[in-house]
Every structure is written in C-alpha cells, then in structure tokens.
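Structure, as structure tokens:
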Amino acid sequence: MGKTQNAQAQPSAAAAAEMDEFSVKPTLPKIGSKNRTGGTFNLVEPMEYLYMRIVKAKDLYGGDDHPEYDPVVEVRVGNFTARTKHIEKNPNPEWNHVFAFSKDRVHCLFFDVFVMSKGDEGDEVKGRVRLDVNETPVRLVPDSPLAPQWYKLEGLNGVCVKGELMFAVWMGTQADEAFTEAWHSDATGVSGEGIVNTRSKVYMSPKLWYLRVNVIQVRDLEMKDRNRRPEVFVRAVFGDVIRMTKISLSRNRNPIWNEDLMFVVAEPFESPLVLTVEDKVGNKEEVIGKCMIHVASLERRLGDKAVDPRWYGLEGPVKPPAEGENGANNVKILSSKMQLRASLDGGYHVLDETTQHSSDLRPTVRQLWKQGLGLLELGILNATGLPFMKKGQQGRTDAYCVAKYGQKWVRTRTIMESTSPQWNEQYNWEVYDPCTVITVGVFDNCHLQGTEDGKTQDSRIGKIRVRVSTLESGKTYAYSYPLLALQPNGLQKMGELQLAIRFSCTSLFNLLQIYSHPILPRMHYTHPLSLHQQVSLRHQATQLLSSRLGRSEPPVRKEVVEYLLDYDSNIWCMRRTLANCHRIKLVFSSLENISRWVGVICSWKMPWLTILVHLFLICVVFFPQLLLPSICMNLFVCGVWNYRTRPIKPPHMDPKLSCIGQILPKDLEEEFDRIPTSCKNQDALKSRYNRLRLGAGHVQTMLGDLAAQLERLQSLLNWRDPRATGLFVSFCFVAGFVFYVVPLRTMFVVLVFYMLRHPKFRSKLPTTPANFFRRLPTRVDSLL
Numbered sequence: 007m008g009k010t011q012n013a014q015a016q017p018s019a020a021a022a023a024e025m026d027e028f029s030v031k032p033t034l035p036k037i038g039s040k041n042r043t044g045g046t047f048n049l050v051e052p053m054e055y056l057y058m059r060i061v062k063a064k065d066l067y068g069g070d071d072h073p074e075y076d077p078v079v080e081v082r083v084g085n086f087t088a089r090t091k092h093i094e095k096n097p098n099p100e101w102n103h104v105f106a107f108s109k110d111r112v113h114c115l116f117f118d119v120f121v122m123s124k125g126d127e128g129d130e131v132k133g134r135v136r137l138d139v140n141e142t143p144v145r146l147v148p149d150s151p152l153a154p155q156w157y158k159l160e161g162l163n164g165v166c167v168k169g170e171l172m173f174a175v176w177m178g179t180q181a182d183e184a185f186t187e188a189w190h191s192d193a194t195g196v197s198g199e200g201i202v203n204t205r206s207k208v209y210m211s212p213k214l215w216y217l218r219v220n221v222i223q224v225r226d227l228e229m230k231d232r233n234r235r236p237e238v239f240v241r242a243v244f245g246d247v248i249r250m251t252k253i254s255l256s257r258n259r260n261p262i263w264n265e266d267l268m269f270v271v272a273e274p275f276e277s278p279l280v281l282t283v284e285d286k287v288g289n290k291e292e293v294i295g296k297c298m299i300h301v302a303s304l305e306r307r308l309g310d311k312a313v314d315p316r317w318y319g320l321e322g323p324v325k326p327p328a329e330g331e332n333g334a335n336n337v338k339i340l341s342s343k344m345q346l347r348a349s350l351d352g353g354y355h356v357l358d359e360t361t362q363h364s365s366d367l368r369p370t371v372r373q374l375w376k377q378g379l380g381l382l383e384l385g386i387l388n389a390t391g392l393p394f395m396k397k398g399q400q401g402r403t404d405a406y407c408v409a410k411y412g413q414k415w416v417r418t419r420t421i422m423e424s425t426s427p428q429w430n431e432q433y434n435w436e437v438y439d440p441c442t443v444i445t446v447g448v449f450d451n452c453h454l455q456g457t458e459d460g461k462t463q464d465s466r467i468g469k470i471r472v473r474v475s476t477l478e479s480g481k482t483y484a485y486s487y488p489l490l491a492l493q494p495n496g497l498q499k500m501g502e503l504q505l506a507i508r509f510s511c512t513s514l515f516n517l518l519q520i521y522s523h524p525i526l527p528r529m530h531y532t533h534p535l536s537l538h539q540q541v542s543l544r545h546q547a548t549q550l551l552s553s554r555l556g557r558s559e560p561p562v563r564k565e566v567v568e569y570l571l572d573y574d575s576n577i578w579c580m581r582r583t584l585a586n587c588h589r590i591k592l593v594f595s596s597l598e599n600i601s602r603w604v605g606v607i608c609s610w611k612m613p614w615l616t617i618l619v620h621l622f623l624i625c626v627v628f629f630p631q632l633l634l635p636s637i638c639m640n641l642f643v644c645g646v647w648n649y650r651t652r653p654i655k656p657p658h659m660d661p662k663l664s665c666i667g668q669i670l671p672k673d674l675e676e677e678f679d680r681i682p683t684s685c686k687n688q689d690a691l692k693s694r695y696n697r698l699r700l701g702a703g704h705v706q707t708m709l710g711d712l713a714a715q716l717e718r719l720q721s722l723l724n725w726r727d728p729r730a731t732g733l734f735v736s737f738c739f740v741a742g743f744v745f746y747v748v749p750l751r752t753m754f755v756v757l758v759f760y761m762l763r764h765p766k767f768r769s770k771l772p773t774t775p776a777n778f779f780r781r782l783p784t785r786v787d788s789l790l
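For what it's worth, this note's numbering labels the leading residue of the sequence shown as 7, then goes sequentially.
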C-alpha cells in the first residue's frame with residue numbers, strides 16, 4: 007500500500023516541480039529610491055563604471071626630431087584594453103570617444119592612457135598619462151558633465167615628451183548620459199562597425215496613417231478598339247503594396263466603381279501613389295492611362311466627414327525615346343480624367359499589433375489624443391540560465407533585450423559571452439490607456455562583426471508580456487519571468503528574465519473614467535474596417551515598421567519587429583485551437599460548481615443551507631420585487647469575499663493552458679510551417695491546404711473571441727483587474743438599494759422603453775457597459 011502511495015506521489019511531485027519551473031517567482035533586487043544611480047533610476051540595481059572620454063590631442067609632433075605618425079589612443083585598465091580609431095598624419099587629432107569600464111572588474115591601482123603610432127611592425131608608444139584609480143572623481147546625475155582637461159604626455163621612462171592629451175575621467179553609474187554612447191568593457195571582442203550593434207538605444211516608431219483611395223469613375227477613356235466592350239479596373243500601387251478594384255460593371259468608356267482601396271503610409275511620405283487604368287484583354291492587362299499623386303498633398307481627415315472628390319488627368323503609356331530624343335518629354339497627355347476621393351484618415355488607430363496585445367490605442371492625429379493617465383516604469387535587471395545560442399567549439403550567448411510600448415521601442419546594450427547577463431537599465435513610458443500590454447523580448451546578437459548580408463538573423467530567446475491594468479498603482483512588481491520558447495521539438499525553457507515594473511497613476515478619477523470610453527477611436531465604430539482589411543493592413547504596417555526601424559543605428563531588425571508584434575499570430579494551428587477550446591471549458595467549469603451546490607442542497611447534507619434556500623424561494627414568490635436587489639447584494643458579497651484570494655503575481659504564459667502536452671510532433675511541424683506551405687506536394691494540394699489553414703485561422707479567431715468574452719464575465723469578480731472589479735462590486739452594492747426602492751415593474755418598463763428608443767436617440771459608439779466589459783482582462787496574456 008505504501009509503495010502505491012509513493013508511486014502516485016512521485017508524478018504529482020514532478021508535475022508540481024514542472025509548474026514551479028514555469029511560474030513567475032518574486033525577487034528581492036537591491037532597488038529603491040536611496041540607491042546611487044541618481045535621478046529616477048530607482049528600479050534597477052546601481053552599477054558603477056569608470057568613464058573616460060578621450061577628446062583630442064595637440065602638438066604631437068613637430069620638427070626633425072619628431073617624425074610624423076598616425077596617432078591612436080589606447081586605454082589600459084587592469085586586464086582591459088580599449089582603443090580609439092587611427093587618425094592619419096595629424097598632429098592635432100580629435101576623437102571624442104567614451105569608454106566605460108565596470109568597477110567590479112577594475113582590480114588595479116593605476117590606469118594608463120597611451121598615445122601610440124600605427125606602424126607596419128606594430129604600434130609604438132609615443133607618450134602616456136598614468137592616473138590613480140582611487141583619485142577619480144565621482145559624478146552623480148543630474149550633475150553637469152565633468153569638464154575635460156589637458157594632460158602632458160610623458161615617456162615610459164618618466165620624461166616629458168612632445169604633445170598633450172585632453173580627456174576626462176570620472177566614476178558614474180548607468181544613469182550617466184555617456185552610458186549609451188560608451189564603448190563598454192563587456193564588448194572587448196567587438197571592434198569596428200560591430201560596436202554600434204552593442205549599444206543601448208531608444209527608437210520612435212514612425213507616424214502611421216491610413217491612406218483611403220475611393221475610386222469613383224473615369225470619363226472619356228481612349229480605347230484602341232471602340233467597338234469592344236472593355237473590362238476596366240484600376241490598379242493602385244504604393245511602394246511594394248498593390249491594390250486593385252473589381253472590373254467595372256458599366257462596360258463602356260465611362261466606367262464607375264465607387265470602391266475603397268486602403269494603404270498604410272508613414273511619415274515622411276517617400277513613395278508616390280500611382281494609379282493605372284487597365285483593360286483586361288484575354289489573359290493580359292493593357293494600360294490605358296495612369297496618374298501619380300503625391301501623398302503629402304492629400305487632405306488629412308480628422309473625423310468622418312467625407313472629403314470632396316477631385317478630377318485627375320491621365321497620362322498615356324510612355325513610349326521608349328528614339329535615338330537622340332529626350333525621353334522626359336515623351337509623355338502622352340490624354341483627355342481622360344479620373345475622379346477620386348483620396349485622404350489620409352487620422353481618426354483611426356493604425357493596428358500594427360493584435361488587438362489582444364495592443365500597447366497603443368490612440369488615433370494617428372495628436373489633436374484627438376486624450377490626457378495621459380500615468381507613467382509606466384520598467385527596469386530590465388538581468389537574466390539567468392540562458393542557453394548557448396551560438397553552437398561551436400565554445401558555446402556563447404550575446405544577449406540583449408528589446409521592449410515595446412506605444413510608439414517607443416527600447417534596446418538594451420549587448421552583454422558579450424554571458425549566460426547570466428546584467429543590464430540594469432531603466433526606461434519609462436507615458437500611459438494613455440490601462441488596457442494595454444508592454445512586451446519585452448530577449449534576443450541573441452548575431453551581428454557583432456558588422457554582418458549585414460540580410461541572411462544572418464538575431465535568434466529569439468523568449469518574450470514576456472505584462473498588462474498594465476493588472477498592476478496596482480504605485481506598487482513595484484519585482485519578479486523573475488521564465489522565458490518560454492515553443493520550437494519544432496517542443497517547449498523549452500530558455501532561462502529567466504528579472505524585471506521590475508511600476509505603474510504610477512496621476513489621477514484615479516481619470517483612470518476610472520477611461521473604463522467607460524470605447525477601447526478604439528471613434529472612426530473604428532462609425533466607419534468600421536472589415537476583418538480582411540484589418541489583417542491585411544496590420545501586416546502592411548508591420549512590414550513598414552520593419553523597414554523604417556531597420557534604418558536606425560543599430561537597427562531594430564525585421565525578425566525582432568515581427569516577433570514582438572506577433573506577425574503570424576492569425577495562422578491556424580491545432581495547438582491554439584485546443585487552447586481556445588480549453589479556455590471555454592474552464593469558464594463553463596463554474597457551472598459544475600453550481601450543479602454540485604444544487605446537489606448538496608437537494609441531498610440535505612447541510613440542513614441549515616437547505617432551509618435558507620427554502621426561505622429565499624418563499625420570499626421571491628411572495629415578494630418578487632426583492633429578486634434583483636438580492637442578486638446584486640449576493641454579487642457584492644461574492645466580490646468582497648473573493649478579494650482575499652485576489653491574484654498577487656502578474657499573469658504569465660501558462661504551458662498547461664496553451665495545451666503544450668496535448669499536441670503531436672506533426673502538429674508542431676504544421677504550426678511552424680508558414681503560408682505558403684513548404685511541404686513537397688502537388689500545387690493543387692498546396693492550394694487546398696493553404697485555403698484550409700486560412701479558413702481555420704478565422705475559426706480559431708472566433709473561438710478565441712468567444713473564450714475572451716466568457717473570461718471577461720469571469721473576471722468581473724476575480725480581482726484580476728482590481729479597479730474594474732472594484733467598480734463592478736460598488737455598482738452591485740448601489741444597484742441593490744436602487745432595485746429595492748424602485749418597483750420591479752417600473753424598472754422593466756424603463757428598460758423596454760430604452761431598448762426600443764428612436765434611432766435618432768442612438769449613438770454609433772458602444773454603450774458605457776459595453777466599453778467597461780470590453781476592457782476587462784482575459785487569459786489571452788497567458789498563451790504562448
């Protein structure tokens with residue numbers, strides 16, 4: 007008997023250990039307002055650095071006794087060596103380079119600054135400056151930067167030589183302004199252009215607009231064969247994106263469409279909008295005319311007021327210029343004209359993320375932005391247990407983090423050759439809506455040698471999402487989050503990332519008031535976009551962001567942007583479908599508790615409870631007006647009772663909820679197979695298979711939406727969003743008294759008259775209860 011019990015206990019202990027491995031754990035970092043980082047850096051552990059700014063030199067050589075050479079400065083601090091770039095044949099060179107050496111690794115009493123010359127047989131020391139490490143001044147932000155000063159060079163024998171060197175040395179922390187531009191001692195194996203890829207930077211997303219082109223009609227088309235009924239359509243091209251209208255039903259020289267074509271454009275507008283009128287002749291398309299529109303000249307629409315249509319002249323196909331002829335004038339002006347309504351719609355929020363994990367819900371134009379609600383602070387502390395991402399003779403990992411919230415992207419510095427990197431960098435964002443999500447991803451840097459061939463990609467390690475509405479105002483959340491990565495061979499834990507997060511609210515009244523507002527801007531409800539348009543435009547916005555952020559230095563690369571924005575989240579897979587079904591089952595499992603409770607009452611296992619139920623039913627029969635007040639008061643009591651067991655830890659990805667253990671290897675192979683499929687089958691099979699996956703993707707989205715609605719009902723009383731549950735419990739308490747005072751018949755009549763009110767008293771915007779319900783949290787944050 008004892009052996010049987012032990013055999014049963016072992017699997018449960020193993021399952022508990024596995025769940026603990028994938029859970030969020032509280033940490034106790036050395037953070038607080040009294041640390042030495044200075045300023046507002048109180049969510050990270052202080053890290054002290056020895057900073058050195060090499061500015062310039064003068065009078066390095068002159069005369070016959072001092073031949074010309076290519077000067078370079080080398081700094082030696084203990085076992086660390088850092089060098090500036092060579093300056094060719096210049097006695098007064100300027101560098102303005104900053105070096106940062108971690109104080110924890112400085113185990114020496116003196117450091118040397120050498121001025122050297124570049125030679126064929128090696129570098130030769132021309133002079134040096136030696137300083138005492140213990141005499142280095144300490145600078146705390148917000149003190150002004152330390153002024154550099156001139157130092158006289160001396161030889162290795164201690165005798166002064168020709169030339170002086172200007173530099174500044176100080177002790178500082180990661181709050182110093184020079185931290186982001188400095189060469190760090192962590193990057194000793196990187197040189198040249200690769201140093202840029204190791205630095206921490208802040209990026210701003212470009213301003214995205216929806217470009218709406220309403221093609222109305224074309225007049226007086228010049229056709230080659232006027233006896234044929236043309237099949238005319240309009241092709242619109244912006245950059246790499248092509249949109250086409252349907253073939254006009256009026257098959258004559260004056261075709262009519264009145265069809266909208268949507269694009270995503272970013273400021274500054276670099277590409278023109280090119281529209282061509284084409285005629286389908288058999289299997290070919292012949293260009294009849296085209297026009298080019300500069301996007302910056304279009305009207306910027308703030309609301310839903312329609313713009314005035316305009317006529318645009320068409321140009322004929324350009325013929326190749328004859329020999330000796332100027333091709334710029336070889337353009338045929340047609341008498342045909344095209345009528346369009348083209349505008350930049352700034353009342354929408356350009357969806358570049360999934361709506362479940364959106365970090366920004368504001369419209370494009372700043373005039374429609376609401377007042378900020380608070381400040382979100384993120385401290386990226388460190389990571390532990392990262393795997394070796396670069397396989398070779400000696401495995402290594404060069405990790406960095408990227409965080410995205412709103413229009414602001416941040417990138418930490420790259421820690422070289424460490425599976426337990428320490429960043430201790432802090433960033434903050436202004437919060438305009440609490441129902442938003444911040445995403446933090448960890449990557450392995452594969453561009454340390456300046457490789458920009460387009461084939462090398464930074465490897466994914468894992469990502470973390472935190473919903474702002476689940477954070478209490480003013481509380482610091484310091485937790486260690488597991489980095490979970492789903493790979494073709496299954497789920498793998500890629501280490502842990504320690505974060506410190508704090509949301510500070512400026513006005514509690516404004517924060518509670520936002521729960522009654524629509525989650526998206528007004529234009530999304532007055533002129534809604536179809537599901538197909540939303541998916542197409544989101545993918546276009548992701549590609550546009552990848553292109554623009556990829557031009558920065560260091561760039562935020564395409565694979566990073568797509569990973570943080572969940573570019574392929576709408577592709578169907580068996581695991582996500584099972585997970586959504588499992589979410590629905592969890593919600594309906596509460597009905598089992600109700601049936602079990604009814605069984606206890608009917609079986610008289612608790613006589614006092616059964617007697618109370620009988621009394622309650624008698625009161626409802628004889629006093630029906632007490633039904634609604636009783637329900638409200640019961641909900642109020644349940645909400646207050648559940649406050650004891652409210653969630654303390656922020657939600658995180660749950661492998662069990664994600665149905666990791668219920669899928670087969672072939673299901674994972676299908677999940678990682680992108681559209682179009684890479685399986686080696688016939689073309690017809692590929693086409694049917696891709697259509698099936700696209701259709702199943704819509705079904706998967708519908709299941710996810712149903713699960714989200716049911717989970718929002720469940721979250722009314724579980725205190726996942728403490729502010730929302732507090733509002734609902736308070737409403738139930740007040741409604742109980744209102745229903746007690748107001749007769750039930752009166753409430754029923756008022757409700758019926760409200761539901762049947764005249765359309766002119768209705769609004770296209772969602773009602774306040776619908777807005778409140780839409781903002782409730784779901785368990786989608788726990789899905790991989």
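Backbone N, C-alpha and C define an ideal beta-carbon position, used for all residues, glycine too. Here the structure is a predicted model, which is why all the values come from computation and not from measurement.
Using a 10 angstroms sphere on the CB of LYS64, the tally of other CB atoms stays under 16, which defines it as exposed.
Rounded to the nearest whole angstrom, the CA to CA distance from PHE449 to VAL562 is 11 Å. Under the three-state reduction of DSSP, CYS441 is assigned to coil, being neither helix nor strand. Proximity of the stretch 238-249 to the stretch 177-191 falls short of the contact definition, fewer than three beta-carbon pairs being nearer than 8 Å. In the structure shown, ASN264 falls within a strand segment according to DSSP collapsed to helix, strand and coil. Restricted to the stretch 330-386, the beta strand (DSSP E) segments that are unbroken, complete and at least 3 residues in length are 339-351, listed in chain order. Fully enclosed alpha helix (DSSP H) runs of no fewer than 4 residues occupy 564-570 of the stretch 544-572, in order along the chain. In the same chain as ILE262, and ignoring 5 residues on each side of it, the C-beta atoms closer than 8 Å to its own belong to ILE222, GLN223, SER254, LEU255, SER256, in chain order. Remark: three or more beta-carbon pairs, one from each stretch, lie closer than 8 Å, so the stretch 369-387 and the stretch 429-444 are flagged as touching. Here DSSP, grouped into helix, strand and coil, assigns VAL747 to helix. By a beta-carbon distance limit of 8 Å, LEU304 contacts LEU350. Their separation comes to about 5 Å.
Under DSSP, the beta-bridge partners assigned to ILE299 are LEU279. Of the residues GLN668, PHE743, LEU526, the one whose Cα lies closest to the Cα of GLN631 is PHE743. Between the stretch 198-207 and the stretch 409-426 there are three or more inter-stretch CB-CB distances shorter than 8 Å, so the stretches are counted as touching. With contacts defined by Cβ atoms closer than 7 Å, LEU357 and ARG544 form a contacting pair.
The residue among LEU634, PRO657, VAL139 with its C-alpha nearest the C-alpha of ASP110 is VAL139. If you check the CB distance, MET177 and PRO154 do not come in under 7 Å. In terms of Cα proximity to ARG652, the closest of LYS311, LEU709, LEU722, MET639 is LEU722. In this chain, VAL131 is not harboured by any alpha helix (DSSP H); it is covered by the beta strand (DSSP E) spanning 130-138. About 6 Å separates the Cβ atoms of LEU555 and VAL567, confirming a contact at the 8 Å cut-off. The beta carbons of TYR485 and PRO32 sit closer together than 7 Å.
Each of VAL283, ALA302, LYS290 was checked against the Cα of LYS296, and the nearest Cα belongs to VAL283.
With a cutoff of 7 Å on beta-carbon distance, SER475 and PRO440 are scored as near each other. Using a Cβ distance threshold of 7 Å, GLY710 and MET529 do not count as a contacting pair. Note that the C-beta distance between LEU49 and ALA506 is below 7 Å. DSSP places ASN495 in the coil class of the three-state scheme, outside both helix and strand. Looking at the DSSP output, ARG471 shares a beta bridge with THR445. Annotation for TRP614: no beta strand (DSSP E) segment contains it, though the alpha helix (DSSP H) segment containing it runs 613-628. Residue burial annotation: THR87 is exposed, with fewer than 16 other C-beta atoms found within 10 angstroms of its C-beta.
VAL705 and VAL541 have their C-alpha atoms spaced approximately 14 Å apart. By the neighbour-count criterion, in which a residue is buried when 16 or more other Cβ atoms sit within 10 angstroms of its Cβ, LEU641 is buried.
In this structure the stretch 764-783 lies against the stretch 726-742, because at least three pairs of beta carbons, one per stretch, are closer than 8 Å. Taking the C-beta atoms as reference points, VAL167 is found nearer than 7 Å to GLY133.
For ARG582, the enclosing alpha helix (DSSP H) starts and ends at 580-608. Taken in chain order, the complete beta strand (DSSP E) segments of 3 residues or longer contained in the stretch 185-246 are 207-210, 214-225, 238-244. In the structure shown, ASP673 adopts helical secondary structure according to DSSP, grouped into three states.
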